[in-house]
Amino acid sequence: MKQPRPSLREIVRPPQISDFIEKGVVPPGTAAGPGDSDVELRIPVPAELYEAFLVKISEKGISLPEAVREMLLDYLMKEI
Numbered sequence: 053m054k055q056p057r058p059s060l061r062e063i064v065r066p067p068q069i070s071d072f073i074e075k076g077v078v079p080p081g082t083a084a085g086p087g088d089s090d091v092e093l094r095i096p097v098p099a100e101l102y103e104a105f106l107v108k109i110s111e112k113g114i115s116l117p118e119a120v121r122e123m124l125l126d127y128l129m130k131e132i
């Protein structure tokens, strides 16, 4: 019998992602820096928006890449 297709949530949010979002658990061996499967994003934004973003992430105590990853995860989870 044919297996049902996985849902978008199952594809986008495997258990490792769920554990990270819900419990803050980082999988062992996960590096904070770029890896072989990472993609670089270049997004032109107005200087004022960039400066405001830097102020906001410095208040949270996170780096620019961490903030962008967090925003992408938030966006993906809202769309499901």
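Counting the sequence shown from 1 gives a position; my numbering is that position plus 52.
Where is the CB? At the ideal position from N, CA and C, for every residue including glycine.
Since this is a predicted model, take the numbers as computed values, not measurements.
| Asked | Found |
| --- | --- |
| Taking one C-beta from the segment 55-71 and one from the segment 96-114 each time, how about it: are there three or more such pairs within less than 8 Å? | no |
| Could you compute how far the alpha carbon of Asp90 sits from the alpha carbon of Gln55? | 30 Å |
| Does DSSP put Ile109 in a helix, in a strand, or in coil? | helix |
| Once you ignore the five residues that flank Ala119 on each side, which residues in its own chain have a CB closer than 7 Å to its CB? | Ile109 |
| Per DSSP, what kind of secondary structure is Gln55 in: helix, strand or coil? | coil |
| Mapping the DSSP letters down to three states, classify Ile69 as helix, strand or coil. | helix |
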